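*Asks:* Chains as they are written, first to last, in the UniProt record's numbering: chain A, 1 to 231; chain B, 1 to 231; chain C, 1 to 231; chain D, 1 to 231.
Backbone N, C-alpha and C define an ideal beta-carbon position, used for all residues, glycine too.
Predicted model, so just to flag it, every value in this text is computed and none were measured.
Please find one structure pasted underneath; my questions will follow.
4 protein chains.
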Amino acid sequence: MSALLDTVARIRAEVCALHSELTRYGLVVWTAGNVSARVPGHDLMVIKPSGVSYDALAPGLMVVTDLHGVPVSGDETAGEWGNPDLSPSSDTAAHAYVYRNMPDVGGVVHTHSTYATAWAARGEEIPCVLTMMGDEFGGTIPIGPFALIGDDSIGQGIVETLKNSNSPAVLMQNHGPFTIGKNPREAVKAAVMCEEVARTVHIARQLGEPLPIDQAKIDSLHDRYQNVYGR
Amino acid sequence: MSALLDTVARIRAEVCALHSELTRYGLVVWTAGNVSARVPGHDLMVIKPSGVSYDALAPGLMVVTDLHGVPVSGDETAGEWGNPDLSPSSDTAAHAYVYRNMPDVGGVVHTHSTYATAWAARGEEIPCVLTMMGDEFGGTIPIGPFALIGDDSIGQGIVETLKNSNSPAVLMQNHGPFTIGKNPREAVKAAVMCEEVARTVHIARQLGEPLPIDQAKIDSLHDRYQNVYGR
Amino acid sequence: MSALLDTVARIRAEVCALHSELTRYGLVVWTAGNVSARVPGHDLMVIKPSGVSYDALAPGLMVVTDLHGVPVSGDETAGEWGNPDLSPSSDTAAHAYVYRNMPDVGGVVHTHSTYATAWAARGEEIPCVLTMMGDEFGGTIPIGPFALIGDDSIGQGIVETLKNSNSPAVLMQNHGPFTIGKNPREAVKAAVMCEEVARTVHIARQLGEPLPIDQAKIDSLHDRYQNVYGR
Amino acid sequence: MSALLDTVARIRAEVCALHSELTRYGLVVWTAGNVSARVPGHDLMVIKPSGVSYDALAPGLMVVTDLHGVPVSGDETAGEWGNPDLSPSSDTAAHAYVYRNMPDVGGVVHTHSTYATAWAARGEEIPCVLTMMGDEFGGTIPIGPFALIGDDSIGQGIVETLKNSNSPAVLMQNHGPFTIGKNPREAVKAAVMCEEVARTVHIARQLGEPLPIDQAKIDSLHDRYQNVYGR
């Protein structure tokens with residue numbers, strides 16, 4: 001049990017710190033974005049509390065839940081991990097569904113980053129016309145279905161879209177991006193890169209059509225970046 | 001009387017601090033934006049002084065006025081709340097009109113934030129094509145009339161537009177956004193979210209038409225966010 | 001002479017500090033923008049040194065020149081105002097021409113701020129479609145002629161354009177904005193507001209035509225802002 | 001040998017520090033950009049380590065390689081310059097090819113800066129329609145060929161494009177800009193200016209066609225800036 005306590009403490013600190021990457025890269029305003037991490041080997045996850053501003057985050061405020069998004073305490077002594085005044089992010093159900101259904105995923109990020117959300121508003125996938133997009137996404141960034149918050153619809157849309165894609169990012173229609181990674185840092189990186197390519201390809205298309213890249217070359221870039229290059 | 005002094009001191013500190021959210025999110029340049037708050041239970045409001053840069057703001061510089069925008073001192077001893085050298089913001093009349101005519105409003109914000117003002121320059125309301133816009137605004141962000149500064153025209157335009165809308169934001173034609181809230185922090189949040197959705201929907205529309213969201217789904221999002229979700 | 005020494009010291013400090021407004025508002029990159037001030041009552045001006053980055057500016061590095069741009073020392077003892085290793089900004093001739101020919105001008109600013117320069121690249125004046133533009137500029141922001149650096153061509157283009165305009169800003173064709181003010185702070189404010197309206201009107205026009213404002217209303221806004229409002 | 005040790009230490013510190021200009025001007029996200037410098041008089045170069053975030057850079061982490069990109073240690077005693085755990089940037093081969101084939105080049109920079117990369121995605125050179133572009137680039141910023149990472153293709157594309165151009169910047173198709181300079185600071189300046197002109201000309205073209213500048217005038221600007229003006 002002590003090892004689990006240490007692990008949860010470490011993950012809470014990491015999840016807390018990763019939110020500063022969302023603000024650094026301008027992916028979020030007010031409280032509208034969140035990072036979570038799986039607790040490896042346990043049916044637990046750690047996620048941002050709801051409605052707390054990024055400036056006010058601290059490791060001890062990160063909420064620990066089971067993989068159905070129900071907050072849990074560490075043991076019978078009250079409140080070891082619990083924060084009675086804090087709820088987990090309103091997006092917790094979507095994160096939890098991903099962890100339940102994609103066992104290799106160790107981190108999930110959700111934002112409304114501007115350019116990615118603009119593609120999502122049109123329901124238009126982002127074509128792979130940049131070498132850095134080949135590296136990171138291995139092809140287009142796909143669109144997920146329109147889904148209302150409140151049940152598993154969003155989580156299902158994420159999982160069904162990503163399980164058929166190289167991409168660690170999905171743009172949920174009219175909503176915004178969700179990204180996954182083997183750990184929360186990789187999911188944050190995917191969120192940062194998703195917005196960057198969403199922005200660059202948008203700007204490229206404002207004045208004409210970007211030149212396509214052959215899928216064989218995209219595959220070569222992606223394979224090298226993910227394997228040879230050691231990521 | 002002592003309780004009122006404490007209340008005014010607290011509100012001055014809060015109004016002063018909230019201006020840093022306007023600069024943090026890039027909603028204002030130079031001195032062109034202001035936050036105000038009602039003093040609950042009194043016909044008083046607190047507002048930014050005119051022409052003072054955001055770096056130089058301090059709680060004691062916030063101007064206390066009546067609900068017609070006339071500066072008041074705390075008591076007969078001179079200058080308790082007054083700053084003889086400072087005038088209230090040149091937009092004070094508009095804020096004051098809102099407080100006189102919308103008794104549930106506890107905070108008002110005015111900016112010329114870029115994308116919201118661009119929609120205002122075309123006199124075009126922002127369509128509700130994002131789930132976060134459904135949450136916060138419950139539909140389109142409406143346009144208010146063109147009105148010159150100097151009398152109650154701007155205030156009337158704000159009130160007449162907002163009283164028929166779910167939205168806490170109105171885009172005054174050729175001018176810029178005004179937002180309201182039950183307290184000044186909520187009004188600032190609305191100003192931040194207004195610019196964010198103005199920007200995202202603008203960018204979405206640059207390359208095509210965003211997909212509409214059914215009003216029933218917008219109502220569901222708004223109702224959940226305002227009620228079930230506890231905001 | 002001692003009073004002049006004090007005055008020059010004060011102006012050097014002010015000119016130095018005002019450059020931080022150019023970086024704060026993103027009007028300049030690298031070393032590509034400069035502020036100058038007239039030394040009132042003397043045929044002297046103070047301007048940024050050439051090629052020094054904004055981080056490295058200090059009051060004592062500001063260069064003092066006569067109104068033909070020739071560096072001067074304060075007295076016979078060498079180097080009181082002079083910096084033997086520093087040249088005045090390569091744009092000094094244009095600033096100096098303005099001071100020689102517009103006696104009410106106390107400050108001049110030059111930048112290549114992005115949106116203002118984009119209008120300049122098309123040789124297209126910015127129409128007055130925002131109330132804040134009526135306040136500050138009293139009408140359109142005009143275009144000045146294409147002029148090469150190296151003689152008085154740029155200065156002449158600035159003066160000939162601005163003397164027939166309410167605007168304190170001119171967009172020199174294919175080059176960028178120059179702004180003037182009764183003092184250097186007002187010239188910096190004009191540079192900040194010029195970029196802000198250049199950006200906002202650009203964005204408004206990307207999706208349609210902004211609604212015009214009658215010139216009578218623009219005159220009313222400008223008159224109030226410049227006179228009644230006490231600027 | 002001691003002089004070389006001192007030189008390498010100085011260059012590592014300079015290369016490390018110059019990366020902060022890439023983040024200051026928003027040219028890079030995550031770890032996607034790098035600066036290198038030649039060690040003058042030696043077949044050595046210094047470059048950013050692979051996969052290290054900009055916040056974590058320190059002079060001692062900069063990797064020293066030969067001009068084929070192979071990491072070297074300073075002497076027989078292990079690890080004087082080497083970092084056994086760090087690899088040089090994945091773009092090292094391209095930098096090294098430039099140093100081998102352009103003996104006057106002392107610094108190379110690679111980014112995926114947004115607007116420059118957008119032009120690269122369309123394979124469209126940037127026309128010279130700004131005086132600051134005449135100064136710095138002496139004409140258009142050219143496009144280099146599409147090239148996959150993994151051999152000398154990228155380096156060859158850079159060299160073949162730049163040896164026929166005034167420009168210190170090349171936009172590699174679907175990839176992003178590479179810039180060169182007589183020293184690494186000049187290469188960084190070219191990267192900053194490349195993004196600035198890419199952005200400004202993009203924005204100018206969004207609402208019409210920029211006015212061309214005669215090549216004779218561009219030549220005059222470039223000659224003055226590079227020679228008379230003393231750069």
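Sorted by chain position, which residues of the same chain lie with C-beta nearer than 6 Å to D:Arg38's C-beta, five sequence neighbours on each side aside?
*Replies:* Counting only Cβ-Cβ distances below 6 Å, and skipping sequence neighbours, we find Met45, Tyr99 and Gly106.
*Asks:* Hey, out of C:Ile154, C:Val70 and C:Val52, whose CA is closest to C:Ala32's CA?
*Replies:* Ranking C:Ile154, C:Val70 and C:Val52 by Cα distance to C:Ala32 puts C:Val52 first.
*Asks:* Does chain C have any CB closer than 7 Å to the CB of B:Asn164?
*Replies:* Answer no: the Cβ-Cβ gap between B:Asn164 and chain C never drops below 7 Å.
*Asks:* Under 7 Å Cβ-Cβ, which residues of chain A neighbour B:Ser220?
*Replies:* What B:Ser220 touches in chain A: Leu148.
*Asks:* Please list the terminal residues of the continuous alpha helix (DSSP H) segment that includes D:Arg38.
*Replies:* Note, D:Arg38: premise wrong, no alpha helix (DSSP H); beta strand (DSSP E) at Gly33 to Val39.
*Asks:* I need the straight-line Cα distance from D:Asp91 to A:Gln226, nearest angstrom please.
*Replies:* Computed Cα separation, rounded: 16 Å.
*Asks:* Anything in chain A within Cβ reach of B:Thr131, meaning under 7 Å, just list it in chain order.
*Replies:* Going along chain A in sequence order, the residues near B:Thr131 (Cβ under 7 Å) are Asn174 and His175.
*Asks:* Kindly list the residues whose CB is nearer than 6 Å to the CB of C:Phe137, restricted to its own chain and excluding five residues on each side of it in sequence; keep chain order.
*Replies:* Closer than 6 Å at the Cβ level, and outside the excluded window around C:Phe137, lie Ser167.
*Asks:* Would you call D:His202 buried or exposed, if buried means 16 or more other Cβ atoms sit within 10 Å of its Cβ?
*Replies:* The residue is buried, with at least 16 neighbouring Cβ atoms inside 10 Å.
*Asks:* Measure the beta-carbon distance from D:His95 to D:Ile47 and round it to whole angstroms, keeping in mind my assumption that it falls under 8 Å.
*Replies:* D:His95 to D:Ile47, Cβ: 6 Å. Contact.
*Asks:* Does D:Asp223 come out as helix, strand or coil in the three-state DSSP assignment?
*Replies:* In the structure shown, D:Asp223 sits in a helix (DSSP, three-state: H, G or I).
*Asks:* Run the CB neighbour count on A:Lys163, radius 10 Å, all protein chains shown included, and call it buried at 16 or more, exposed below.
*Replies:* Answer is exposed; the Cβ neighbour count stays below 16.
*Asks:* Would you say C:Lys189 reaches chain B, if we count a Cβ-Cβ gap shorter than 7 Å as a contact?
*Replies:* Chain B contact via Cβ: present.
*Asks:* Counting C-beta neighbours from all protein chains within 10 Å, is the total for C:Pro40 16 or more, i.e. buried, or is it exposed?
*Replies:* Burial call: exposed.
*Asks:* So if DSSP puts B:Ile180 in a beta bridge, which residue, or which two residues, is it bridged to?
*Replies:* Answer by DSSP bridge pairing, in chain order: B:Val108.
*Asks:* Using only alpha-carbon positions, find the residue among B:Val192, B:Ser87, B:Thr7 and B:Asn183 that is nearest to B:Pro103.
*Replies:* Among B:Val192, B:Ser87, B:Thr7 and B:Asn183, the Cα nearest to that of B:Pro103 is on B:Asn183.
*Asks:* Looking only at its own chain, which residues have a Cβ that is under 7 Å from the Cβ of C:Ile213, when we skip the five neighbours before and after it?
*Replies:* Same-chain partners within the cutoff: Cys128, Val129 and Gly134.
*Asks:* Rounded to the nearest angstrom, what separates B:Glu186 and B:Glu21 at their Cα positions?
*Replies:* Going from the Cα of B:Glu186 to the Cα of B:Glu21 covers about 12 Å.
*Asks:* Considering only DSSP beta bridges, list what A:Ile126 is partnered with.
*Replies:* Per DSSP, A:Ile141.
*Asks:* Using a cut-off of 8 Å between C-beta atoms, extract the partners of residue 264 of chain D located in chain A.
*Replies:* With chain D running from 1 to 231 in the structure shown, residue 264 of chain D is simply not present.
*Asks:* Our contact map puts C:Asp43 next to C:Ala93 with C-beta atoms below 8 Å; I'd like the distance itself, whole angstroms only.
*Replies:* With a Cβ gap of about 15 Å, C:Asp43 and C:Ala93 do not count as contacting.
*Asks:* Quick check: is the beta carbon of A:Thr7 nearer than 7 Å to any beta carbon in chain D?
*Replies:* So, not an interface residue.
*Asks:* Can you tell me which of D:Pro88, D:Asp6 and D:Ser50 puts its alpha carbon nearest to the alpha carbon of D:Thr65?
*Replies:* The shortest C-alpha separation from D:Thr65 is found at D:Pro88.
*Asks:* Please determine, among A:Thr179, A:Gly150 and A:Thr131, the residue with the shortest C-alpha to C-alpha distance to A:Gly144.
*Replies:* Nearest C-alpha to A:Gly144: A:Thr179.
*Asks:* C:Asp214 CB to nearest chain B CB: under 7 Å?
*Replies:* Not one chain B Cβ lies under 7 Å of C:Asp214.
*Asks:* C:Leu171 by DSSP, collapsed to three states: which one?
*Replies:* Three-state result, C:Leu171: strand.
*Asks:* Using the Cβ count rule (16 or more neighbours within 10 Å means buried), how would you classify B:Ala215?
*Replies:* Residue 215 of chain B is actually Gln in this sequence, not Ala. Classification of B:Gln215: exposed, given that the 10 Å Cβ count is below 16.
*Asks:* Give the residues of chain A in contact with B:Arg224, contact being defined as C-beta atoms less than 8 Å apart.
*Replies:* The answer, in chain order, is Ile149 and Gly150.
*Asks:* Does chain A have any CB closer than 7 Å to the CB of B:Val192?
*Replies:* Taking Cβ atoms only, chain A reaches closer than 7 Å to B:Val192, which makes this a yes.
*Asks:* What are the start and end residues of the alpha helix (DSSP H) that includes B:Val72?
*Replies:* B:Val72 -> no alpha helix (DSSP H), and no H or E assigned at all.
*Asks:* Check whether chain A comes within 7 Å of B:Thr23, counting only Cβ atoms and requiring the distance to be less than that.
*Replies:* Output row for B:Thr23: interface = no.
*Asks:* For C:Pro131, collect the residues of the same chain with a Cβ closer than 8 Å to its Cβ; drop the 5 residues on either side in sequence, then sort them by chain order.
*Replies:* Strictly speaking, residue 131 of chain C in this sequence is Thr, with Pro absent from that position. Taken in chain order, the residues that qualify are Ile213 and Leu221.
*Asks:* Give me, in chain order, the residues of the same chain whose beta-carbon lies closer than 7 Å to that of D:Leu61; leave out the 5 immediate sequence neighbours on both sides.
*Replies:* Only Pro49, Val52, Asn83 and Leu86 meet the Cβ criterion.
*Asks:* Please report how far the alpha carbon of B:Arg24 lies from the alpha carbon of D:Glu160, in whole angstroms.
*Replies:* About 45 Å.
*Asks:* Among B:Ala190, B:Arg12, B:Pro142 and B:Ile126, which residue has its Cα nearest to the Cα of B:Val170?
*Replies:* Measuring from the Cα of B:Val170, the nearest candidate turns out to be B:Pro142.
*Asks:* Measure the C-alpha to C-alpha separation of D:Ile126 and D:Asn174 and round it to an integer number of angstroms.
*Replies:* For D:Ile126 and D:Asn174, the distance between alpha carbons rounds to 15 Å.
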